[in-house]
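These protein sequences, in sequence, are chains A and B. When you line the first sequence up against the working numbering, it's residues 316 to 659, in that order. When you line the second sequence up against the working numbering, it's residues 316 to 659, in that order.
Number of protein chains: 2
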Amino acid sequence: MGRITIRDIARLSGVSVTTVSRALNDDPEIRAETRERVLRVCRETGYRANLLARSLSSSRSHVLGVILPDISNPFYAVLSLHIESCAKARGYQIMLCRGHPDDRNDNTEELISYLIGQQVDGILLPNSSSRATALLARYDRAIPSVLIGSAPPEDLGIRVNSVSNDNYMGAQMAAEYLHRLGHRDVVYLGARPGSYTHALRHAGFLAAAKRLRMRVESIPSPLHASTIAQGRTMAAALLRRPMTQTAIFCAADMLALGVMEAADELGLDIPGDFSLMGYDNIDYSALPKIRLTTVAQPFADLAREGVEMLVAQIKRGESGTYVRRLITPTLVERATCAPPPARD
Amino acid sequence: MGRITIRDIARLSGVSVTTVSRALNDDPEIRAETRERVLRVCRETGYRANLLARSLSSSRSHVLGVILPDISNPFYAVLSLHIESCAKARGYQIMLCRGHPDDRNDNTEELISYLIGQQVDGILLPNSSSRATALLARYDRAIPSVLIGSAPPEDLGIRVNSVSNDNYMGAQMAAEYLHRLGHRDVVYLGARPGSYTHALRHAGFLAAAKRLRMRVESIPSPLHASTIAQGRTMAAALLRRPMTQTAIFCAADMLALGVMEAADELGLDIPGDFSLMGYDNIDYSALPKIRLTTVAQPFADLAREGVEMLVAQIKRGESGTYVRRLITPTLVERATCAPPPARD
DNA sequence: CTGAAAGCGCTTACAG
DNA sequence: CTGAAAGCGCTTACAG
Chain A
316 MGRITIRDIA RLSGVSVTTV SRALNDDPEI RAETRERVLR VCRETGYRAN LLARSLSSSR
376 SHVLGVILPD ISNPFYAVLS LHIESCAKAR GYQIMLCRGH PDDRNDNTEE LISYLIGQQV
436 DGILLPNSSS RATALLARYD RAIPSVLIGS APPEDLGIRV NSVSNDNYMG AQMAAEYLHR
496 LGHRDVVYLG ARPGSYTHAL RHAGFLAAAK RLRMRVESIP SPLHASTIAQ GRTMAAALLR
556 RPMTQTAIFC AADMLALGVM EAADELGLDI PGDFSLMGYD NIDYSALPKI RLTTVAQPFA
616 DLAREGVEML VAQIKRGESG TYVRRLITPT LVERATCAPP PARD
Chain B
316 MGRITIRDIA RLSGVSVTTV SRALNDDPEI RAETRERVLR VCRETGYRAN LLARSLSSSR
376 SHVLGVILPD ISNPFYAVLS LHIESCAKAR GYQIMLCRGH PDDRNDNTEE LISYLIGQQV
436 DGILLPNSSS RATALLARYD RAIPSVLIGS APPEDLGIRV NSVSNDNYMG AQMAAEYLHR
496 LGHRDVVYLG ARPGSYTHAL RHAGFLAAAK RLRMRVESIP SPLHASTIAQ GRTMAAALLR
556 RPMTQTAIFC AADMLALGVM EAADELGLDI PGDFSLMGYD NIDYSALPKI RLTTVAQPFA
616 DLAREGVEML VAQIKRGESG TYVRRLITPT LVERATCAPP PARD
C-alpha cells in the first residue's frame, strides 16, 4: 500500500518524528503553532496512526480481553455488549473470545494466554466455574483481571477481583417471596456443579427455606451450562409424576423457560397449576406471554463496575489487594407466581 | 515484569533470534533437532510470543474487526458470537465494536478508521443502512470488508462484498403464506427508512401481494432500529381503531413482539383475532408461549460465509471484484398465524 | 540449515 | 520547545 507514516508527516511538516509524536499525543511540551501545523498535515494527508506500533513501544494497548463461556445464554451476549460500551467510555476497546464451558476441552487457559500474548491490558471473565476462577488467580501476576457475575466464597481466600450480584441474598429473597405467597413445599431445579454462583444460590435458598420451615427438593443439573433444552428435559421428568410441590424455583431463567415449554406440552398452567420462578432476569423473561418472575442480575452495573475495577487495577499496577464487590439483587415480580392452588 | 523475549530464548538455546523465529513459525528451513531444542526451551521458560510485535513486523494481525449497529436487537449479539466461532476456526480473532444506529452521531466511520489503525486484517459489518454500505465501499481500497445480513440492490452497482439472506424472496414467501391461509387484506408494519434490507423486504412483499391481489396497508417505522417498544407503540395505535385487516406482517421479529404485547394489553388473541408474522427468526421467537411464525435468517450461515468471504479476500489481496451472495430464506411456521376469523 | 542486519511504526528518556 | 537515537519484540530478505 505504501501507507503513510509518522515519518512522512515529519518530513511534510518540517519537524522531527519526535515532534509529530508529541503533537499526536497531546504532549504539553510543544509549541501550539507547531502542534497545529503538524495536525493540519495529518488531516490533509489522511494520516492514521498505527496503533500496533504505538502499543508495542508504549507497552499499553488499550484493549481489554473478554472470554465468554457460553454462546446459547443471552446473558453473556448482552453482558458483552454492555462491557463494550463501558470500556469504550473509558478509552478501551474489546477483544472478544469464546471459551468452551464443557469440561473436557476447556480452552479458557489457552485464551488467557492468547490474550496476554496479544498484549491486552486486562481480562474480564464472566464465568462462575471454580476452575476458571482458579485460573484467573494463577495468572494474577501476569495480567490484571476481574471475574464478572460471580464471586468465589469469601472464606476460600482466592486471590481474584470480582463483581457480582449477591447470589446468596438473591436466592434467599426468592425463597422468602414464595413463602409469602403461601408455598411450603417447593423444588429447587438445576443447581450446576462446579459453579460458585450456583453453590451460593443453592445455599441461600436452602438457608431461607430452613428458617421458614419450607420443604425443598433439590434436583441438580448434570450439565455445566443452563439451557432451555435442559430445563425442558428436567421438567418433563418432574412433571410427569404427581407433584407434591406447589412451586418450582429454577437456578437460572433459561431453565425456567424450559420448564414453561414442558408445562405447555403437558397442558399445565402457570401459575394456575404451579408457580415458577427464575434467576437472572435475562431479556427473554420480560417478553409478553413469558413474563417470568425472577431475581434480576444488574447487567449494566456488573459491566460498568467490572470495567472500572479493571481499569483502576491497570492504572495502579500490581497491588496484591483484591476487591470482591457484591451488588444487591432485585426481585422482579411478573406473572408466573401466585398462591398455591387449593388441593383436593 | 521483565517479560521473556525471543532474544532470551535465543541465548538460552544457543542459536540466533532468526532461528528461534523459524522454530516458532514452523518454517521448514530448520533442522528438526534445532527446532525441538528451541521449542523445549520455550516450553520450559513459559515463553509467550508478543503478538503485537509479530503483527507489526509481518503486517498481518490475524484479527478481524466487527462493528455492531445495535445493542438491543439480539439478532446482532447472537450473530457476533457466531462470527467469533467461525473466525476462530479460520485462525482469526475478533475485535468487537459497537456503532450508533441513530443518524446524527453515527460513529461507523470513526470505528472503521480505528480498526484500520488497529491493523485488523478485515472488517465485517452487520448493517443494512445505505450510509454504512456507502462507507464500506469508500474504504474498499484501505481494507477488505464484507457486509453481512444485507445486500445493496444489485443495480446500484455498489462496490462491496455482501452475504445476506434473500430478503426480497423471503418477504414474497411471507405474503404467499398469508394468502394461502386466506388473508386478502393485511398490514405491513415497520419498514425502516434508509435500510436496504427493509427496502427489499417491502418491495418483495408488495410485489407478491399485487400478483395475488391482496390489499396491503404499509405503516413505516420512523426509527432506524427495530425494537419491541417501537412495535408496541405502532401496534397500539393500529389496534385501537377497528381494523379491517386480518393479518399483520412485521418487517422484523422485534416489532412483532411489540405487537404481541399491545395485543395482550388490549385483550386481543393471536391468531384468533388476527394473524401475526415476523422476519428474522431471532431466538426470542422460538420461545414457548411466543412461538412466532416468521421468515428465518440463517445466522450461522451468514456468519460462516461472511468470514470465509472476508478471509478469501484477505488472502487474495486487492482484486476489484465483488461478490454478492444471497442465501435462500426459510419460512418457519409456528403458532401466530391461522385462517382469518369469520367476519360478522 | 543458520545468522547478522535491517526494518515494521511508533514512544521515550536524554541532551540541547 | 525541539531533535537524534535507542528501543519495543518480532520477521524477513540476504548472504553464507
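Note that beta-carbon positions come from the ideal geometry of N, C-alpha and C, so glycine has one too. Owing to the predicted nature of the structure, the values given are computational and were not obtained by experimental measurement.
Item: 3 or more residues per run - each beta strand (DSSP E) lying fully within the segment 389-444 of chain B; Value: 408-413, 437-440
Item: Proximity to Cys652 (chain A) [Cα-Cα], best of A:Leu521, A:Arg322, A:Met592, A:Leu553; Value: A:Met592
Item: Per DSSP, cross-strand counterpart(s) of Tyr492 (chain A); Value: In DSSP, Tyr492 (chain A) forms no bridge with anything.
Item: From A:Leu327, A:Gly380, A:Leu641, residue whose alpha carbon lies closest to that of Ser395 (chain A); Value: A:Gly380
Item: Below-8 Å beta-carbon distance, Ser370 (chain B) vs any chain A residue; Value: yes
Item: From B:Ala571, B:Ala518, B:Gln434, B:Ile398, residue whose alpha carbon lies closest to that of Leu371 (chain B); Value: B:Gln434
Item: Uninterrupted beta strand (DSSP E) stretches inside the segment 565-636 of chain A (no shorter than 3 residues); Value: 590-595, 608-611
Item: Contact set between Lys630 (chain B) and chain A, taken where Cβ atoms lie within less than 7 Å; Value: The contacting residues do not exist; Lys630 (chain B) stays about 16 Å from chain A at best.
Item: Within chain B, the residues that Ser460 (chain A) reaches when beta carbons sit closer than 7 Å; Value: Chain B residues near Ser460 (chain A): none, gap ~15 Å exceeds 7 Å.
Item: Length of the line joining the Cα atoms of Val478 (chain A) and Val638 (chain A); Value: 8 Å
Item: Buried versus exposed call for Met316 (chain B) [16 or more other C-beta atoms within 10 Å across all chains shown]; Value: Below a pLDDT of 50, predicted positions are generally treated as unreliable, and Met316 (chain B), at 42, falls in that range; the measurement from the model is reported next regardless. By the 10 Å Cβ count, Met316 (chain B) comes out exposed.
Item: Beta carbon proximity, Gly593 (chain B) to chain A, threshold 8 Å; Value: no
Item: Any C-beta of chain A under 8 Å from that of Pro389 (chain B); Value: yes
Item: Assigned exposure category for Gly632 (chain A) - 16 Cβ within 10 Å defines buried; Value: exposed
Item: Rounded straight-line distance, which links the Cα of Ser376 (chain A) to that of Leu366 (chain A); Value: 8 Å
Item: Three or more C-beta pairs below 8 Å linking the segment 524-539 of chain A and the segment 575-591 of chain A; Value: no
Item: Leu553 (chain A) (DSSP reduced to helix, strand or coil); Value: helix
Item: Asp323 (chain A) (DSSP reduced to helix, strand or coil); Value: helix
Item: Three-state class that DSSP yields for Ala562 (chain B) in the structure shown; Value: strand
Item: Nearest residue (CA-CA) to Ala650 (chain A), options A:Arg606, A:Thr548, A:Met624; Value: A:Arg606
Item: Leu439 (chain A), buried or exposed, once every other Cβ within 10 Å from all chains shown has been counted against 16; Value: buried
Item: Chain B residues whose Cβ lies nearer than 8 Å to that of Gly432 (chain A); Value: Arg363, Ala364, Asn365, Leu366
Item: 7 Å CB neighbourhood of Glu648 (chain B) in its chain, flanking five on each side removed; Value: Thr608
Item: is_contact[Asp579 (chain B), chain A] using C-beta, thresh 8 Å; Value: yes
Item: Whole-angstrom distance between Ser590 (chain A) and Ile642 (chain B), CA atom to CA atom; Value: 43 Å
Item: Beta-carbon proximity check, Pro656 (chain B) vs His498 (chain B), cutoff 8 Å; Value: no
Item: Backbone CA spacing between Pro468 (chain A) and Ile473 (chain B) [nearest angstrom]; Value: 57 Å
Item: Residue closest to Ala368 (chain B), alpha-carbon to alpha-carbon, out of B:Arg413, B:Glu348, B:Leu354, B:Ile321; Value: B:Ile321
Item: Pro537 (chain B) versus B:Arg516, B:Ser510, B:Leu515, residue with shortest Cα-Cα distance; Value: B:Ser510
Item: Beta-ladder partner(s) of Arg318 (chain B), from DSSP; Value: The partner list for Arg318 (chain B) (beta bridge, DSSP) is empty, contrary to what the question assumes.
Item: Below-8 Å beta-carbon distance, Met549 (chain A) vs any chain B residue; Value: no
Item: Rounded separation between Cys401 (chain B) and Ala514 (chain A) - CA only; Value: 34 Å
Item: Short-range partners of chain B found in the segment 604-615 of chain A, where Cβ spacing is below 7 Å; Value: Lys604, Ile605
Item: Element boundaries [beta strand (DSSP E), containing Glu532 (chain B)]; Value: 530-534
Item: Proximal residues to Val461 (chain B) (C-beta, below 6 Å), its chain only, five neighbours per side dropped; Value: Leu439, Asn476, Gly621, Met624, Leu625
Item: Range covered by the alpha helix (DSSP H) that runs through Ser372 (chain A); Value: 366-373
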